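In case it helps, the working numbering puts the sequence shown at residues 57 to 121. Positions of the beta carbon are idealized from the N, C-alpha and C atoms, including for glycine. The structure presented is a predicted model; accordingly, all values stated were derived computationally and were not measured. Beneath this line is the structure, given in structure tokens, with notes to follow.
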Amino acid sequence: MNSLDLMVFEHANIKRMLKLVRMFCYKLYNREDVDFNDIDKMMDFIKNYADKHHHGKEELKLFNR
């Protein structure tokens, strides 16, 4: 898998997580039961996978920083 394919794959993973975050928010808004431990998992994914892992690769491979 080349660098660009990897970035596209990782963007798809991030989009999937954002859909889950949106669903979680809708449940909260509608006063449905939610597992608040899921917030920690979502934040961990965003902080570590999206911010550190993925954006670090973008900076290094695509923008050469």
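Considering only 67, 92 and 86, the residue with the shortest C-alpha distance to residue 109 is 67. Bounds of the alpha helix (DSSP H) holding residue 83 are 59-85. Note that the C-beta distance between residue 94 and residue 80 is below 8 Å.
Here residue 63 is actually not in contact with residue 101; their C-beta atoms are around 17 Å apart, not less than 8 Å.
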